[in-house]
Amino acid sequence: AASTNAAITTLLFGVIIGNYAFSGTISIYTTIFTLAMIWLATGTARKKGNRASYIKWCWIAIITAAAALAFMLVVDRTAISQSIIPTVIFVAFYAAMGSFRSTTNANVQAMQLDITDYEFYLHGKYLGPMVASTATILQKTIDSLSSVIVAALLAGLGYVETMPDPADPYSSGVFWVTMFAWLGLPALGFLASIIAMKFSPLTAEVMVEVQAANNERKAQNAAAYEAEMAKK
1231 AASTNAAITT LLFGVIIGNY AFSGTISIYT TIFTLAMIWL ATGTARKKGN
1281 RASYIKWCWI AIITAAAALA FMLVVDRTAI SQSIIPTVIF VAFYAAMGSF
1331 RSTTNANVQA MQLDITDYEF YLHGKYLGPM VASTATILQK TIDSLSSVIV
1381 AALLAGLGYV ETMPDPADPY SSGVFWVTMF AWLGLPALGF LASIIAMKFS
1431 PLTAEVMVEV QAANNERKAQ NAAAYEAEMA KK
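Just add 1230 to wherever you are in the sequence shown, counting from 1, and you've got the numbering used here.
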């Protein structure tokens, strides 16, 4: 959420690049890229499982963030929206970073279903609503925290009573704060997710076993229900 904060977008496009309207111009490319990435992530999840797919895309996102930072350090920032090669490279990085959020979110939603199935496998109880509610609460908490972090970063730049404006002057402080919010924070989030996944037992192989056991249990429950109804 920090990377898409309106204030950070203003600093990136308005102050650093110097062309705030450019953010709207490239939105269509971002959308197309996101749809393509979600399609690729779905294919990976089908082949290797949701956990493996999630870890893979988190690593790709971290590497992309590092490459995007390297690009921003060497490129003439004023040429990004003016010259074809810098423009294409920046749009690719910007669209990729945006698509990774949607891609990993899709994996997270799929893993919620895996958790529900796993709990049914272990305890025979359907905990879908509880799993979804827990994920929603955690997501809202993280979003709130990201807003606090962005506010603190902006305050460090002097934006206490005002918000960033595209006409504001460029400085190295603006550059690094923007890079940290746009690339650094997401990279840290992806890294934390990779670490968390190390403790998850829900590999593709485990989920095959879980699904088979659950299908058998559901068939047994259905047969027991039909037998009970026949008695009545």
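Backbone N, C-alpha and C define an ideal beta-carbon position, used for all residues, glycine too.
DSSP places T1240 in the helix class (H, G or I) of the three-state scheme. When the alpha-carbon of D1306 is set against those of I1425, I1319, Y1259, G1273, the nearest one is in I1319. Between the alpha carbons of T1308 and Y1250 lies a gap of roughly 12 Å. In the three-state DSSP reduction, N1451 falls in the helix class (H, G or I). L1418 has its alpha-carbon roughly 20 Å from the corresponding atom of G1386.
Just measuring C-alpha positions, the residue of P1394, G1273, A1296 sitting nearest L1415 is A1296. Cβ-Cβ distances below 8 Å link D1347 to M1437, V1440, Q1441, N1444 in the same chain, with the five nearest sequence neighbours on each side left out; the list follows chain order. Residue ranges of uninterrupted beta strand (DSSP E) with 3 or more members are absent from the region 1270-1295; none lies entirely inside it. In the structure shown, M1393 adopts coil according to DSSP, grouped into three states. The residue from V1380, K1278, I1345 with its alpha-carbon nearest to that of P1359 is I1345. A Cβ-Cβ contact shorter than 7 Å links R1281 with T1433. Nearest to Q1312 by C-alpha distance, out of A1300, S1363, F1252, is F1252.
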